[in-house]
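J.: Please find one structure pasted underneath; my questions will follow.
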Amino acid sequence: QVEVLNGAVGESVIFSTRVPVTGTIIYEGRSIGQVLNKQSDTEHEEKFKNRLSWSSEFFTLSDLRSDDSGVYTLNVYGTFSQIVFLYFVVSDKVSTPRVTNLSHYSPESDLCLLQCSVRNVRGLNLTWFRGNVQLNQTNSSSPETTLILPLEIQQIDKDIFSCEASNPVSKQSITVNFTKLCPHKLGMRVFYIF
220 QVEVLNGAVG
230 ESVIFSTRVP
240 VTGTIIYEGR
250 SIGQVLNKQS
260 DTEHEEKFKN
270 RLSWSSEFFT
280 LSDLRSDDSG
290 VYTLNVYGTF
300 SQIVFLYFVV
310 SDKVSTPRVT
320 NLSHYSPESD
330 LCLLQCSVRN
340 VRGLNLTWFR
350 GNVQLNQTNS
360 SSPETTLILP
370 LEIQQIDKDI
380 FSCEASNPVS
390 KQSITVNFTK
400 LCPHKLGMRV
410 FYIF
């Protein structure tokens, strides 16, 4: 069985498997650290030098980078020997989404077209809400650098709308007051909410 672990770029992670006396940590098939009779060596792999440490029976990896993602194996030796496989995913934190009004005023139409956009990062979901009710969603399976999600609503709608960007390590949202963003006499103006 493989456990899934998530981390954010620039932060630290403590691997939850205890290595009390003797054990090793392996990344993508090669040893990156070991503990022998409570004496640790975590400096022999250049990629993890000064970032991997062992203290109080746990390995810690700091200053996380995207290329730290991958499969880690922890081998614990002693009375309670075990092997633990971890699939570790390191993602950037999401930024605050931006909402843009794409409509222009027309006396024949009471629709308002909003577009929510945010910089694309690993594992990103972009979601429109009316209050607490989810309206639609898209995710970062596409390769574009910016993720976009439109929403068309009636101008008579007085509810509060929000757009939320989230991934396994972070979440940011922006709340939109529809009566302010889509006034009836909109003309050709474009509004940006940051």
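So for the sequence shown, our numbering puts the first residue at 220; every next one is plus one. Glycine included, each C-beta is placed from N, C-alpha and C at the ideal position.
1. Could you tell me which residues DSSP puts in a beta bridge with C382?
2. Given K390, which residues of its chain have a CB within under 8 Å of its CB, disregarding the five upstream and five downstream residues?
3. Using the beta-carbon count (16 or more within 10 Å), is N396 buried or exposed?
4. Nearest-angstrom Cα distance between I367 and T315?
5. Do L283 and G226 have their CB atoms nearer than 7 Å?
6. Measuring alpha carbon to alpha carbon, tell me which residue in T279, V221, T243 and L370 is nearest S300.
7. Quick check: E276 and L332, are their CB atoms within less than 7 Å of each other?
8. To the nearest angstrom, how far is it from the Cα of V337 to the Cα of Q253?
9. Within 10 angstroms of its Cβ, does G406 collect 16 or more other Cβ (buried), or is it exposed?
10. Run the CB neighbour count on D287, radius 10 Å, all protein chains shown included, and call it buried at 16 or more, exposed below.
11. Would S285 pass as a contact of V309 if the rule is Cβ separation under 7 Å?
12. Return the chain-ordered list of same chain residues with a C-beta closer than 7 Å to the C-beta of L271, the five sequence neighbours on each side being excluded.
13. Check this for me: beta carbons of L224 and L305, under 7 Å apart or not?
14. Buried or exposed: where does S274 fall if 16 or more other Cβ atoms within 10 Å of its Cβ makes it buried?
15. Starting from D260 and walking both ways along the beta strand (DSSP E), at which residues does that stretch end?
16. Report the three-state DSSP secondary structure of L305 (helix, strand or coil).
17. Kindly list the residues whose CB is nearer than 8 Å to the CB of I245, restricted to its own chain and excluding five residues on each side of it in sequence; keep chain order.
T.: Let me spell this out:
1. W347 and I393
2. V313, E383 and A384
3. exposed
4. 13 Å
5. yes
6. T243
7. no
8. 41 Å
9. For G406, the pLDDT reaches just 42, beneath the cut-off of 50, and the residue's location in the model is therefore unreliable, although a value from the coordinates is still provided. So G406 ends up on the exposed side.
10. buried
11. yes
12. I251, G252, T261, F278 and L280
13. yes
14. exposed
15. Q258 to D260
16. strand
17. I251, Y291, T292, L293 and N294
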